[in-house]
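Asks:
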Amino acid sequence: SQELEQSPQSLIVQEGKNLTINCTSSKTLYGLYWYKQKYGEGLIFLMMLQKGGEEKSHEKITAKLDEKKQQSSLHITASQPSHAGIYLCGADNSYSGAGSYQLTFGKGTKLSVIP
Amino acid sequence: ETGVTQSPTHLIKTRGQQVTLRCSSQSGHNTVSWYQQALGQGPQFIFQYYREEENGRGNFPPRFSGLQFPNYSSELNVNALELDDSALYLCASSLANRGFNEQFFGPGTRLTVL
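Residue numbers (this note's numbering), protein chains in the order written: chain A, 238 to 352; chain B, 38 to 151.
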């Protein structure tokens, strides 16, 4: 079965600093999803990557998938307190030919931003 | 907000009891997936319902069961509760098609088993 390892487990940064979160897969990634979660709440979709070398950006967040499709990174530029939360990477685990993909998640990276 | 709602928001049960959690999917979505998220862990896939049929199951025992109704809302039932069942239960709805389909998550139900 596929396993996703995220690093670091937690991160504390000063407001305005840049940061990077990594997600490494035990198998080739065919679809890699990044979600943000406020403590104890639901997941908010950020971005999805499929192709080797793909890079997507939304506001100050950039996600990349490496050429070998086994590692992804999430980079936040000029962090703000609103970026605080838990960042989760998820991968398409299986598809039965019906319904939707079933996702496997990493354990998450807890980000705190100090004003 | 995603339009996916879950009830109740919090629940406290004792070992051995049974619990039913509910999920109302986003309008137009025909697939509901359930995930269990223990404290400090990522969500783990329990099962998925597509057009009222179970469509895939994770590594969870049979005492975890579910239903999907004609309006695509869904229930998760857990029998013979154990302490380790304490977790945040998330449902996600989506519109099934081949390839990428974004899953919209509800706010979750926090279950505490004493």
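Where is the CB? At the ideal position from N, CA and C, for every residue including glycine.
Return the CA-CA distance between residue 342(A) and residue 295(A), expressed in angstroms with no decimal places.
Replies: 21 Å
Asks: With DSSP collapsed to three states, give me the class of residue 248(A).
Replies: strand
Asks: Spell out the partners DSSP gives residue 91(B) in its beta bridges.
Replies: Bridge partners of residue 91(B): 86(B).
Asks: Taking the beta strand (DSSP E) that residue 73(B) falls in, what are its first and last residues?
Replies: Counted as a single uninterrupted DSSP element, the beta strand (DSSP E) harbouring residue 73(B) occupies residues 68–74.
Asks: Leaving out five residues before and five after residue 347(A) in sequence, what residues of the same chain have Cβ atoms less than 6 Å from its Cβ?
Replies: The beta carbon of residue 347(A) sits closer than 6 Å to the beta carbons of 247, 323 from its chain, once the five residues preceding and following it are set aside; these are given in chain order.
Asks: Relative to the alpha-carbon of residue 69(B), which residue among 255(A), 312(A), 339(A) has its alpha-carbon at the smallest distance?
Replies: If we check each option's Cα against that of residue 69(B), 339(A) comes out closest.
Asks: If distances are taken between C-alpha atoms only, which option among 79(B), 110(B), 151(B) comes closest to residue 125(B)?
Replies: 79(B)
Asks: Measuring alpha carbon to alpha carbon, tell me which of 303(A), 299(A), 292(A) ends up nearest residue 265(A).
Replies: 303(A)
Asks: In terms of DSSP beta bridges, what is residue 347(A) paired with?
Replies: 247(A), 323(A)
Asks: Going along chain B in order, which residues have a C-beta closer than 8 Å to the C-beta of residue 277(A)?
Replies: 125, 145, 147
Asks: Strictly under 8 Å for the Cβ-Cβ distance: is residue 337(A) near chain B by that measure?
Replies: For residue 337(A), the answer is yes, since a Cβ of chain B falls inside 8 Å of its Cβ.
Asks: Based on Cα-Cα distance, which residue from 326(A), 317(A), 239(A) lies nearest to residue 285(A)?
Replies: 326(A)
Asks: Could you tell me the distance, in whole angstroms, from the CA atom of residue 100(B) to the CA atom of residue 91(B)?
Replies: 15 Å
Asks: How is the beta strand (DSSP E) around residue 269(A) delimited, first residue to last?
Replies: 269–274
Asks: Does residue 70(B) have its Cβ less than 8 Å from a Cβ in chain A?
Replies: yes
Asks: Can you find a CB in chain B that lies within less than 8 Å of the CB of residue 288(A)?
Replies: So no, residue 288(A) is outside the interface.
Asks: Mind checking the region 70–91 of chain B against chain A and listing, in chain order, the residues whose C-beta falls within less than 9 Å of any C-beta there?
Replies: 70, 72, 74, 77, 78, 79, 80, 81, 82, 84, 85, 86, 87, 88, 90
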